[in-house]
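S.K.: Protein chains in written order, with full-length UniProt numbering: chain A, 1 to 220; chain B, 1 to 220; chain C, 1 to 220; chain D, 1 to 220; chain E, 1 to 220; chain F, 1 to 220; chain G, 1 to 220; chain H, 1 to 220.
First, the structure itself, so that you have it in front of you.
Number of protein chains: 8
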Amino acid sequence: MDKAFIIDKDRKQRLGFEEVIYGASKSTALLSELLEDYSEKNKNVLITKLQQEKAIVLLNVYRTAFYDDESGIFMLYPINKIENHNAKVGIVSAGSSDIGVANEAYYTLEYMGVKSHVIHDVGVAGLHRLLSKIELLKTFDILIIVAGFEGALPTVVGGLLPQPIIAVPTSVGYGSAKHGETALHAMLTSCANGITVVNIDNGYGAAMSAFRMLKLVENQ
Amino acid sequence: MDKAFIIDKDRKQRLGFEEVIYGASKSTALLSELLEDYSEKNKNVLITKLQQEKAIVLLNVYRTAFYDDESGIFMLYPINKIENHNAKVGIVSAGSSDIGVANEAYYTLEYMGVKSHVIHDVGVAGLHRLLSKIELLKTFDILIIVAGFEGALPTVVGGLLPQPIIAVPTSVGYGSAKHGETALHAMLTSCANGITVVNIDNGYGAAMSAFRMLKLVENQ
Amino acid sequence: MDKAFIIDKDRKQRLGFEEVIYGASKSTALLSELLEDYSEKNKNVLITKLQQEKAIVLLNVYRTAFYDDESGIFMLYPINKIENHNAKVGIVSAGSSDIGVANEAYYTLEYMGVKSHVIHDVGVAGLHRLLSKIELLKTFDILIIVAGFEGALPTVVGGLLPQPIIAVPTSVGYGSAKHGETALHAMLTSCANGITVVNIDNGYGAAMSAFRMLKLVENQ
Amino acid sequence: MDKAFIIDKDRKQRLGFEEVIYGASKSTALLSELLEDYSEKNKNVLITKLQQEKAIVLLNVYRTAFYDDESGIFMLYPINKIENHNAKVGIVSAGSSDIGVANEAYYTLEYMGVKSHVIHDVGVAGLHRLLSKIELLKTFDILIIVAGFEGALPTVVGGLLPQPIIAVPTSVGYGSAKHGETALHAMLTSCANGITVVNIDNGYGAAMSAFRMLKLVENQ
Amino acid sequence: MDKAFIIDKDRKQRLGFEEVIYGASKSTALLSELLEDYSEKNKNVLITKLQQEKAIVLLNVYRTAFYDDESGIFMLYPINKIENHNAKVGIVSAGSSDIGVANEAYYTLEYMGVKSHVIHDVGVAGLHRLLSKIELLKTFDILIIVAGFEGALPTVVGGLLPQPIIAVPTSVGYGSAKHGETALHAMLTSCANGITVVNIDNGYGAAMSAFRMLKLVENQ
Amino acid sequence: MDKAFIIDKDRKQRLGFEEVIYGASKSTALLSELLEDYSEKNKNVLITKLQQEKAIVLLNVYRTAFYDDESGIFMLYPINKIENHNAKVGIVSAGSSDIGVANEAYYTLEYMGVKSHVIHDVGVAGLHRLLSKIELLKTFDILIIVAGFEGALPTVVGGLLPQPIIAVPTSVGYGSAKHGETALHAMLTSCANGITVVNIDNGYGAAMSAFRMLKLVENQ
Amino acid sequence: MDKAFIIDKDRKQRLGFEEVIYGASKSTALLSELLEDYSEKNKNVLITKLQQEKAIVLLNVYRTAFYDDESGIFMLYPINKIENHNAKVGIVSAGSSDIGVANEAYYTLEYMGVKSHVIHDVGVAGLHRLLSKIELLKTFDILIIVAGFEGALPTVVGGLLPQPIIAVPTSVGYGSAKHGETALHAMLTSCANGITVVNIDNGYGAAMSAFRMLKLVENQ
Amino acid sequence: MDKAFIIDKDRKQRLGFEEVIYGASKSTALLSELLEDYSEKNKNVLITKLQQEKAIVLLNVYRTAFYDDESGIFMLYPINKIENHNAKVGIVSAGSSDIGVANEAYYTLEYMGVKSHVIHDVGVAGLHRLLSKIELLKTFDILIIVAGFEGALPTVVGGLLPQPIIAVPTSVGYGSAKHGETALHAMLTSCANGITVVNIDNGYGAAMSAFRMLKLVENQ
């Protein structure tokens, strides 16, 4: 059998970003092997959805690496904070239970060199909390809206604001929440116009979608 | 084989209301037989979800009967409008496509002797339309909230108002709306507190639930 | 990133009750932070579906707090029993396996200042047990009916008694019980009239719905 | 290509009954061909779930054939009523909408030479109607219980009576009834003991199961 | 709150058998309480689907109790083997992975005083193994057929033998086996005639159904 | 009852576009009433998913209106073609069966004043057809990718090109295509980065999402 | 907009066969256009799942074309029967209701120049019918097994015979048959070894899979 | 009760291969018993999906046995590598997370005496990686394509290459990946021609299907 992975060498040139590693289904051994490759080349790499027990093993070897245990985001080298300009992406979460997914979007954008701002806990059952943030939300180019349970937040925001909106359903909830399926389908069938949706808990995908849009703006 | 139905004679005494007939799966022949029974006893009866082609046949026989073709509600005798007091139940619909289900609730309440008021098309994607109706909504004892697509309206109303809220998902929408399942599950997993839910398109059930609550108030 | 939560300050005024915290998806760290806020303000708070291992940590800090390990209900301060009047809400469970959900309703009502009474193990496969309790059930303003497996109990009670009935499906059962989905859908499609339903295992939601109804009665 | 069917010649000897034809998915042409085979051999045959438009064509050719349009049962030759003994099988339906499925069981048993008795409309939302029939139900060897919507009837009967109970879910209902799936799963997860279940709307299968049981009794 | 359970006192008289306890969702504390009740009355009781860790605790207290760890069956007192007559029920399993469910049926029948015989590993992918057992299978009054994966065994047996057949789908398999749902639906839609089905992994229910049938035979 | 609809008057100001009408679930009567309102104000309006039989009635009244029978798009007044600049949005379909959904996106963009270009039938089972179009695809700001069956096209395009990609699953296919659900879920779980998804058959939503992105570009 | 289709010109060279047209979702207009293209080039083409009403229109224009109304197979020019050698593929159907799917496989193979033989109605509920055909089945290189309802036939055949087996689930059945999903999943989770499966009702796909295998044999 | 298993003695003669044991649902005790039987007869045996904790126990007894912990494959005796001829089967995986399933196919083929070659990580989101392997892929008789997430790889390969293709969906992914269901259904509804599919994660089944095809080739 051949080696279990092939690095996608010209992805950066083709798409403007490097390959990213989905960590959840890979063994620690395979991940170590991959990290060694990147480390030798002095290249940074992003791993998503890395479980804590595997992160502990890897952090023991790569001691300068970064790991966020709410989201499972791992980077071989931490990113210097981007301070000198305004956040382009607003990440809005419906409840504080959605923090892991919001963080996944936040750190992915950081890794891509995009500054973002997270606004927590503005779910639609307390509408005034959302309404008090509308002026702030208007300042972002793109909105990533993270919500579990019934997933109504992107619909309400989408009816109030004109920016591109990327809705991220989360698996927060129980029973009829169906591990995020209800929020997913609610967002897909939103009566607000022009909302797009990514997979359940996919903060990473939302960030990459925002990145594609920002690239479009830059290229103008 | 025996006769295909048995009238539940003491339901009125037990529950405070008469039996109601589910029309969708019964043949015109069987329905005619049932209506004859009621007609002979000079008793009114409510049939729900009656298809138009069957209604036409029955209306031909029972010429004074009432039929609403948006909802499929049929009554042997029409009800006199209740004018002398305020509406106790507010029926709120998210979109004008939900009219059939809202009407089913409205006419069922009318049949039960309860005055209600229908407010259409205040879906959450145009929040200001809802907000402009809040003062009106505060005047009702009970709110029946009817919504299809992502079914977010009861969540938003439930976060704003303290009354009992009966959420009715409708089968309006396509694809991920799943014939009303998405709205149903979204309402059940609402992050607003104390919302109860009835079956998809079940305007009748929402009205009966409101009736039970109003009976409770009357009995105090 | 901002703080992960925003207390909904005027909810009490708007809805008549304080915010409640869903404990299942929040880290112990976040919950501690939240409790500190409430503790400093000398305000009580209710946490639902708190797992035992997290409760142990929190109880170690907040030693006067209350925790029920059948339901996962946690309160910062225990509630004084309400003794001087009759129970307004009857909580009826189909089987002794439903005890956790029944308790969630019971303690939520206690927290809201409403006295309730729990009647266990009157499932419809032993009808006489239910029938022997009918006179008692008639004394309550509202009935919360908790059932897993096939979830038939609310249908039978709904055909016998005229009060508002809030049906709570539970995830008790296996195979075709589908973690409560079968009971949920059976309750939604009940042939009894005017039954409303809350999410699977949502004893808390049922209690809040009862609270809304009792508020309506009080306001008359 | 060979002929599209092969008659199972020794089924009678093996199983005690002849082959039966599922009519719903066969073309009128194929059914005509099959009937001709049986007609030539002067053998009776049962066709199930035959649609009305196909029945009309076949009845035009086989003018003495029997067709019941509620159930779609077709027999090449009608059966003489069995009058001289008591009914061995009680067929109990929850609502008058279940008549088609009840009839399918009834006529299948008639075809197999077994006398049965149909009791309609004793659904659990009007419990007294059921309780008033209990003495009658005790007289049957076997009970076939037919119910749509939430499908609670077999559970209640199974808790009251000791006979073998064959539960038949029907596709009557809408929304959460899911074309009979809810009733099916409710019956499978019944908290009553020893209830067995057949496919949705499968009155035929229930009758054949009863036939197998009665054969067992006869062989003692 | 009242006591969490009520013993169904006259079930034996009504149905011919005592109540049985579903062990999976009950706490060890509640089960201990229940067992104490039975123990004090010197009555035996059957607990189903009892997890090993809870069984260990209970066996420590009730040292003469019986527990089968393949099926999770627990009895307060073991049953004396029935030796003096032939087995009335044949329990046939498709694969050796189905042993837990077959045992559940076996021990339940033993508890009910019915002798049965288990035949393992005669799945339809090795048809000759089944065919070599046909003469043996003919000797039983009733057949309980246990199968996971595609669940084809009851169909093949049902086409070969005339007895009552109770099909039990098991959760053995992965992927498209869907935790037993595929076997369940395959059995329900079997092209063999008159097969009845119980819930996934419900060996207990199959045994109780067989018991009802044998009672019928005895009563003739 | 009030009028069944309320025009969202300031949506243009808030979001940059007017309200659009979902035609599928509205009666011809209600649609006529709505069109009259718009016609009187000399305002154009877009109706989506309008069935042919209803369109015929409306076209009879509004004779200058535009209707596309592949997509069900209806506009009160046709739009003048935009000729003087390049298409900003590329609409790519996997197969010629997806034409209706591609047209829905095309005409919606036309209505919004955005020029687009449709490229049909470049599904991944004939990869060379897609590869021969890559240079053309690079010229668009945004790509809308429409695909039914297994929905693989957005994944392949997303791995080759850096623009924002809006994936639209269609209900084309049978069996395991599940009316578009398989394509939907495949797109959501794409291994390509940063693809966003809209509801099944929702060409309209994809166009509106593209519109939001183009607005963002314009505002820079 | 460009033309709605692009003929895949070098597919024959790449894969050894021409493109085939899925007819179900294409308008008669589009199909006419496609056929004209092929007709002008004097090339034959296969259309699958063509509805009868569309076939009638096309047959009126292309009077020498072939159409089979059981399967919906349409060919621009009929194929000369292949008589001079033995059938390489055996197509086995469980019931005569599966004829349409069996025909789809048969005519596709005919179009590809492969002779096949159809054996109908050997479902596993009448095992002797299957067993009597085993010697015949041994003579084929490849077996295509077509079955609806519980889909058990491929499992039984796969346990008896060593050839490659392509299982085709059909949508024949009702209720728990779930439009072919149960048969599909049963075949995928078959306890027989090395069975492969195609989509529900996909006789065409089964034939193409057989064609790939026969090509492999030829190339040796 | 009889012994829990019966070895299928003449399977080798009938089908050309020995029985294989599904390890996931069997207890270590039962597996030990089975291995003892094989060991005594000096016969090798293959166990699939054996969990690590059970493997450790068995390896302790059968010290020369082989176990691969990525796939859970266990063989009583390891197989000598086949070196002297080219690989007949190409096993292609979309991502390095699919390694376990690819290994299951690889070792099963090895056990069957068939040489194969594994090519990892050529998913369609990096198309050039796949295209660079096309010449290599052309050298194999049969292709087994393993993919999780959206499962698009078999479709793309199937459009490029003419060999028999066996698609294996894997449970790699989250949310909309639905534990492999999305990949499964995507493969079944592939727009590429003649692809066959096996159960989710069923590398073993794919290998056995390839074995049947290779047998066919050998027999020519």
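Don't be surprised by glycine CBs; every beta carbon is placed ideally from N, CA and C.
Model, not experiment: these values are computed from the prediction.
Name the two residues that bound the continuous beta strand (DSSP E) containing ASP68(B).
M.R.: Locating residue 68(B) in the second sequence gives position 68, where the first residue counts as 1. Note, ASP68(B): beta strand (DSSP E), 66-68.
S.K.: In chain order, which beta strand (DSSP E) runs of at least 3 residues are fully inside the UniProt domain "PurE" (87-219) of chain B?
M.R.: Complete beta strand (DSSP E) runs here, min 3: 89-93, 116-119, 142-147, 165-169 and 195-197.
S.K.: Are the C-beta of TYR174(C) and some C-beta of chain E separated by less than 8 Å?
M.R.: Counting from one through the third sequence, the residue named residue 174(C) turns up at place 174. Taking Cβ atoms only, chain E reaches closer than 8 Å to TYR174(C), which makes this a yes.
S.K.: Classify HIS85(F) as buried or exposed, calling it buried when 16 or more other Cβ atoms lie within 10 Å of its own Cβ.
M.R.: Sequence index remark: in the sixth sequence, residue 85(F) carries index 85 (1-based). Exposed, because fewer than 16 other Cβ atoms sit within 10 Å of the Cβ of HIS85(F).
S.K.: Between ASN80(H), LYS12(H) and TYR22(H), which has its C-alpha nearest THR189(G)'s C-alpha?
M.R.: As a first step, residue 189(G) is located in the seventh sequence; it is residue number 189 there, counting from the start. Residue TYR22(H) is the option with its Cα nearest to THR189(G).
S.K.: Looking at the structure shown, is ILE56(G) part of a helix, part of a strand, or coil, going by DSSP?
M.R.: In the seventh sequence, counting from the first residue as 1, residue 56(G) sits at position 56. In this structure, ILE56(G) counts as helix in the three-state DSSP scheme.
S.K.: Return the chain-ordered list of same chain residues with a C-beta closer than 8 Å to the C-beta of MET112(G), the five sequence neighbours on each side being excluded.
M.R.: Numbered from its first residue, the seventh sequence carries residue 112(G) at position 112. Correct list, in chain order: PHE17, ALA207, MET208 and PHE211.
S.K.: What residues match up with ILE21(E) in a beta bridge as DSSP calls it?
M.R.: Taking the first residue of the fifth sequence as 1, we reach residue 21(E) at position 21. In DSSP, ILE21(E) forms a bridge with ILE47(E).
S.K.: Mind pulling the chain K residues with CB within less than 7 Å of LYS26(D)?
M.R.: Note that chain K does not occur in the displayed structure, where the protein chains are A, B, C, D, E, F, G and H.
S.K.: Please classify GLU36(A): is it buried, with 16 or more other beta-carbons within 10 angstroms of its beta-carbon, or exposed?
M.R.: Within the first sequence, the letter at position 36 stands for residue 36(A). It is exposed - the Cβ of GLU36(A) has fewer than 16 other Cβ atoms within 10 Å.
S.K.: Do you know how far the Cα of LEU50(F) is from the Cα of SER97(F)?
M.R.: Residue 97(F) sits at position 97 when you count from the first residue of the sixth sequence. Residue 50(F) sits at position 50 when you count from the first residue of the sixth sequence. When rounded, the distance between both Cα atoms is 19 Å.
S.K.: Assess contact between the stretch 165-174 of chain A and the stretch 162-170 of chain C, defined as three or more Cβ pairs (one per stretch) separated by less than 8 Å. Is contact present?
M.R.: No, they do not touch.
S.K.: Between the C-alpha atoms of ALA186(A) and THR182(B), what's the straight-line distance to the nearest angstrom?
M.R.: Translated into positions along the first sequence, residue 186(A) becomes position 186. Translated into positions along the second sequence, residue 182(B) becomes position 182. For ALA186(A) and THR182(B), the distance between alpha carbons rounds to 6 Å.
S.K.: Indicate whether at least one CB of chain F lies closer than 8 Å to the CB of GLN163(A).
M.R.: Here residue 163(A) refers to the residue found at position 163 of the first sequence. Yes, its Cβ sits closer than 8 Å to a Cβ of chain F.
S.K.: Is there at least one Cβ from chain F nearer than 8 Å to GLU135(H)'s Cβ?
M.R.: Counting from one through the eighth sequence, the residue named residue 135(H) turns up at place 135. Not an interface residue.
S.K.: Taking 8 Å as the threshold (beta carbon to beta carbon), is VAL73(H) in contact with chain E?
M.R.: The residue labelled residue 73(H) in the question sits at position 73 within the eighth sequence. One point to set straight first is that residue 73(H) is Ile, not Val, in the sequence displayed. Not an interface residue.
S.K.: Nearest-angstrom Cα distance between ASP69(F) and GLN52(F)?
M.R.: Taking the first residue of the sixth sequence as position 1, residue 69(F) is located at position 69. Taking the first residue of the sixth sequence as position 1, residue 52(F) is located at position 52. Near 7 Å, if we compare the C-alpha coordinates of GLN52(F) and ASP69(F).
S.K.: Under 8 Å Cβ-Cβ, which residues of chain A neighbour residue 228(C)?
M.R.: Coverage of chain C is limited to positions 1 through 220, which leaves residue 228(C) absent and any answer about it impossible.
S.K.: Where LEU137(E) and ILE119(G) are concerned, what is the direct C-alpha to C-alpha distance, given to the nearest angstrom?
M.R.: On the fifth sequence, position 137 is the one that residue 137(E) refers to. On the seventh sequence, position 119 is the one that residue 119(G) refers to. Approximately 31 Å, taken between the alpha carbons.
S.K.: At a CB-CB cut-off below 7 Å, which residues of chain G make contact with HIS120(E)?
M.R.: Within the fifth sequence, the letter at position 120 stands for residue 120(E). Going along chain G, no residue has its Cβ under 7 Å from HIS120(E), so there is no contact; the nearest lies around 14 Å.
S.K.: Would you mind sorting SER132(C) into buried or exposed? The rule is 16 or more other CB atoms within 10 Å of its CB.
M.R.: Numbered from 1 along the third sequence, position 132 holds the residue referred to as residue 132(C). It is exposed - the Cβ of SER132(C) has fewer than 16 other Cβ atoms within 10 Å.
S.K.: Decide if ALA29(A) is buried, meaning its Cβ has at least 16 other Cβ atoms within 10 Å, or exposed.
M.R.: Translated into positions along the first sequence, residue 29(A) becomes position 29. Exposed, since its Cβ has fewer than 16 Cβ neighbours within 10 Å.
S.K.: So ILE144(F) and ALA192(F) are supposed to be a Cβ contact under 8 Å. How far apart are they, rounded?
M.R.: In the sixth sequence, counting from the first residue as 1, residue 144(F) sits at position 144. In the sixth sequence, counting from the first residue as 1, residue 192(F) sits at position 192. 15 Å between Cβ atoms; not a contact.
S.K.: Less than 8 Å separating the beta-carbons of PRO154(D) and LEU216(E)?
M.R.: Here residue 154(D) refers to the residue found at position 154 of the fourth sequence. Here residue 216(E) refers to the residue found at position 216 of the fifth sequence. No, these two residues do not count as a Cβ contact at 8 Å.
S.K.: Find the nearest neighbour of LEU127(C) within the set GLY158(D), ASN60(D) and GLY100(D), judged by alpha-carbon distance.
M.R.: On the third sequence, position 127 is the one that residue 127(C) refers to. Ranking the options by Cα distance to LEU127(C), first place goes to GLY158(D).
S.K.: What residues match up with ILE73(F) in a beta bridge as DSSP calls it?
M.R.: By 1-based counting over the sixth sequence, the position of residue 73(F) is 73. Answer is ASP68(F).
S.K.: How would you call residue 224(B), buried or exposed, if buried means at least 16 neighbouring beta carbons within 10 angstroms?
M.R.: Because chain B in this structure spans residues 1 to 220, residue 224(B) falls outside the shown range and cannot be described.
S.K.: Taking any Cβ of chain D, which residues in the stretch 149-162 of chain C have a Cβ under 8 Å from it, in chain order?
M.R.: From the stretch 149-162 of chain C, only PHE149, GLU150, GLY151, ALA152, THR155, VAL156, GLY158, GLY159 and LEU160 have a Cβ closer than 8 Å to chain D.
S.K.: Quick one: is ILE134(G) buried, meaning 16 or more other Cβ sit within 10 Å of its Cβ, or exposed?
M.R.: Working through the seventh sequence from its first residue, we reach residue 134(G) at position 134. Exposed, because fewer than 16 other Cβ atoms sit within 10 Å of the Cβ of ILE134(G).
S.K.: Cα separation between PRO78(D) and VAL57(B)?
M.R.: As a first step, residue 78(D) is located in the fourth sequence; it is residue number 78 there, counting from the start. As a first step, residue 57(B) is located in the second sequence; it is residue number 57 there, counting from the start. Computed Cα separation, rounded: 32 Å.
S.K.: Could you confirm whether any beta carbon from chain E is found closer than 8 Å to the beta carbon of residue 226(C)?
M.R.: A query on residue 226(C) cannot be resolved here, the shown segment of chain C reaching from 1 to 220 and no further.
S.K.: Cα-Cα, which of GLU218(C), ASP201(C) and LEU161(C) is closest to GLN13(B)?
M.R.: Position 13 of the second sequence holds residue 13(B). Comparing Cα-Cα distances from GLN13(B) to each of GLU218(C), ASP201(C) and LEU161(C), the minimum goes to LEU161(C).
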